[in-house]
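Right, one structure below, let's go through it.
2 protein chains.
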Amino acid sequence: MKRRIITISRQNGSGGRYIGETLAKELGITCYDEKLMDMVAKESGFALDYVEEKGEKITGSLLFNIASSLTYANNVFSGNGMSLQDELYFVQNRVIKEIAEKESCVIVGRSADYILRDRDDCLNVFITADEKSKLERAVKYYNMTEKDAPAILKKNDKARYNHYKYYTDQEWGMASNYDLCLNSGLLGIEGCVKIIRSVFESI
Amino acid sequence: MKRRIITISRQNGSGGRYIGETLAKELGITCYDEKLMDMVAKESGFALDYVEEKGEKITGSLLFNIASSLTYANNVFSGNGMSLQDELYFVQNRVIKEIAEKESCVIVGRSADYILRDRDDCLNVFITADEKSKLERAVKYYNMTEKDAPAILKKNDKARYNHYKYYTDQEWGMASNYDLCLNSGLLGIEGCVKIIRSVFESI
Chain A
20 MKRRIITISR QNGSGGRYIG ETLAKELGIT CYDEKLMDMV AKESGFALDY VEEKGEKITG
80 SLLFNIASSL TYANNVFSGN GMSLQDELYF VQNRVIKEIA EKESCVIVGR SADYILRDRD
140 DCLNVFITAD EKSKLERAVK YYNMTEKDAP AILKKNDKAR YNHYKYYTDQ EWGMASNYDL
200 CLNSGLLGIE GCVKIIRSVF ESI
Chain B
20 MKRRIITISR QNGSGGRYIG ETLAKELGIT CYDEKLMDMV AKESGFALDY VEEKGEKITG
80 SLLFNIASSL TYANNVFSGN GMSLQDELYF VQNRVIKEIA EKESCVIVGR SADYILRDRD
140 DCLNVFITAD EKSKLERAVK YYNMTEKDAP AILKKNDKAR YNHYKYYTDQ EWGMASNYDL
200 CLNSGLLGIE GCVKIIRSVF ESI
């Protein structure tokens, strides 16, 4: 079946979000990134900050998080038998499925590759970059200092890995989960856009 | 620096070896796969069967293998303080480095991406495929039965993962280890050759 949807997962600092935005603009379709978070915030009633932070990250020990969600499920965190993070995941899940049903689009992050795994019209992409390129982007675009950036980038990727592992039982960043993985440090941002677009239009 | 060498790592059944051979033919360079194993067998004195089987696979428990290599290093397995598998790895390591120094080429498997990690003229590729495509290739080209193929493919990939993990301390198949990862089930064998060639010639 012709691919209609591109999911872009990405290492922090790899430029994956920008690649998604550029690609969507070139293809004349919507890029769901900030817009997706707005929709999830509206649908769930959670603050936008919470959605941004917890929608694809689990920080701290994975075991601790699992234990917390089991222990407190029915009392402290939520009124419907789920932890707040689980509740957020399920709303996000529903919103992503509704978007995919409705229109051709680019979806950045949020485990969309996994959430849409039963569809046969998705092209799943993962963007990596070498440490040097990620560091340069982090300092230039994300307002990080050269000193702090390596630890922050690593921590963010670890939190994304934990989130993905927890909700999908798969390894975030493992090539076999995606159709196309690209090193933007070597290929360049424009190079990545060109390759993804060419693949998207040819399959 | 202009890329001169393409390393191709691949899931069993993904057609990665065939992609490497086709690519090398199109580019007019040598594909080191069986030829590499011949050279390693000759250089090491090991039987070709042993080189083929143990040069990129560790079967059984990883811990057991590590324990074996530590325990028996100086007596049972080898006369030079290494297990036979370690000795094979180091010869393979040396041969791959010599080839890379000498000529532009394609190298299939054998952790070549890691062995050549200090060079800046390698394009590192990983080929995956969906289960259905791998199964079809396994039955059609590798003489496996439809019943046995899933378990054999899984076991072979696990053995490659163990070998890579043991010698590189990295995760085999993790996108961040490669420049380009492609799903040959979706993109087709010819599609993969085309994308790799286009990237190789443009960077």
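Heads up: the sequence lines are chains A and B, in that order.
Letter by letter, the first sequence follows residues 20 to 222 of the working numbering.
Letter by letter, the second sequence follows residues 20 to 222 of the working numbering.
Backbone N, C-alpha and C fix where the C-beta goes; we use that ideal spot for every residue, glycine too.
As the structure is a computational prediction, the values presented were derived from the model and not from experiment.
query = Span of the beta strand (DSSP E) holding B:S130?
reply = Looking at the DSSP string, B:S130 is not in any beta strand (DSSP E), and its letter there is neither H nor E.
inquiry  = Taking CB distances under 8 Å as the criterion, tell me whether B:Q30 reaches chain A.
reply    = yes
query = What are the start and end residues of the beta strand (DSSP E) that includes B:Y51?
reply = 49 to 51
task = Give the straight-line distance between the Cα atoms of A:L206 and B:G100, rounded to the nearest whole angstrom.
result = 43 Å
task = Sort out for me which residues DSSP pairs A:T26 with in a bridge.
result = A:I126, A:N143
query = How about the region 120 to 137 of chain B and the region 24 to 33 of chain B: do they share at least three Cβ pairs that are nearer than 8 Å?
reply = Yes, since at least three Cβ pairs between the region 120 to 137 of chain B and the region 24 to 33 of chain B fall closer than 8 Å, the two stretches touch.
inquiry  = Counting C-beta neighbours from all protein chains within 10 Å, is the total for A:Y183 16 or more, i.e. buried, or is it exposed?
reply    = buried
query = Would a check of beta-carbon distances place B:C211 closer than 8 Å to chain A?
reply = no
inquiry  = Using 8 Å as the cut-off, can you tell me whether the region 193 to 208 of chain A makes contact with the region 144 to 154 of chain A, which would need three or more C-beta pairs spanning the two stretches below that distance?
reply    = yes
query = By Cβ distance below 6 Å, which residues in the same chain neighbour B:G39 in space, the five residues on each side in sequence not counted?
reply = I27, C50, V125, V127
ask   = For a contact meaning CB atoms closer than 7 Å, what does A:G192 contact in chain B?
value = M193, A194, S195
request  = Give a yes or no on whether 8 Å exceeds the smallest Cβ distance from A:D198 to chain B.
outcome  = yes
inquiry  = So for B:Y91, helix, strand or coil by DSSP?
reply    = Any reading at B:Y91 must be qualified, since the residue scores a pLDDT of 47, below 50, and its modelled position is unreliable; the value itself is stated next. Coil at B:Y91, not helix or strand.
query = So what's A:M11 in DSSP terms, helix, strand or just coil?
reply = Within the shown structure, residues of chain A are numbered from 20 to 222, placing residue 11 of chain A beyond reach of any answer.
request  = Spell out a yes or no on whether the region 58 to 71 of chain B and the region 167 to 183 of chain B are touching, meaning 3 or more CB-CB pairs, one atom from each, closer than 8 Å.
outcome  = They do not touch, by the three-pair rule.
Nearest-angstrom Cα separation, counted from A:A66 out to B:D140 = 48 Å
Start-to-end residues for the alpha helix (DSSP H) that takes in B:N202 = Per DSSP, B:N202 belongs to no alpha helix (DSSP H); it is in the beta strand (DSSP E), 199 to 202.
request  = Check whether the Cβ atoms of A:Q111 and A:G74 sit closer than 8 Å, and answer yes or no.
outcome  = yes
message = With a threshold of 8 Å between beta carbons, is A:N202 in contact with chain B?
response = yes
query = Can A:L42 and A:R216 be called in contact, C-beta distance under 8 Å?
reply = A Cβ-Cβ contact shorter than 8 Å links A:L42 with A:R216.
query = Taking Cβ positions, are A:G32 and A:K153 nearer each other than 8 Å?
reply = yes
task = Return the CA-CA distance between A:E220 and A:I214, expressed in angstroms with no decimal places.
result = 10 Å
query = If we ignore side chains and look at the alpha-carbon of each, how far apart do B:W191 and B:A119 end up?
reply = One C-alpha to the other measures close to 21 Å.
inquiry  = Between B:G210, B:D105, B:K166, which has its C-alpha nearest B:V70's C-alpha?
reply    = B:D105
key: A:D52 versus A:Y37: straight-line alpha-carbon distance, rounded   = 10 Å
inquiry  = If the criterion is Cβ atoms closer than 8 Å, does the pair A:S197 and B:C200 meet it?
reply    = In the sequence under discussion, the amino acid at residue 197 of chain A is Tyr, which differs from the Ser named in the question. Yes.
request  = Going by CA-CA distance only, name the one from A:I171, A:S123, A:I48, A:V144 that's closest to A:G35.
outcome  = A:V144
Cross-chain neighbours of B:T147 in chain A, by beta carbon under 7 Å = A194, S195
task = Using a threshold of 8 Å, state whether the C-beta atoms of A:M193 and B:M193 are closer than that.
result = yes
request  = Could you pull out every residue in the same chain whose Cβ sits closer than 6 Å to the Cβ of B:I246, ignoring the five residues on either side in sequence?
outcome  = Within the shown structure, residues of chain B are numbered from 20 to 222, placing residue 246 of chain B beyond reach of any answer.
inquiry  = Taking a contact to mean a Cβ-Cβ separation below 8 Å, would you say B:S130 touches B:T78 in this structure?
reply    = no
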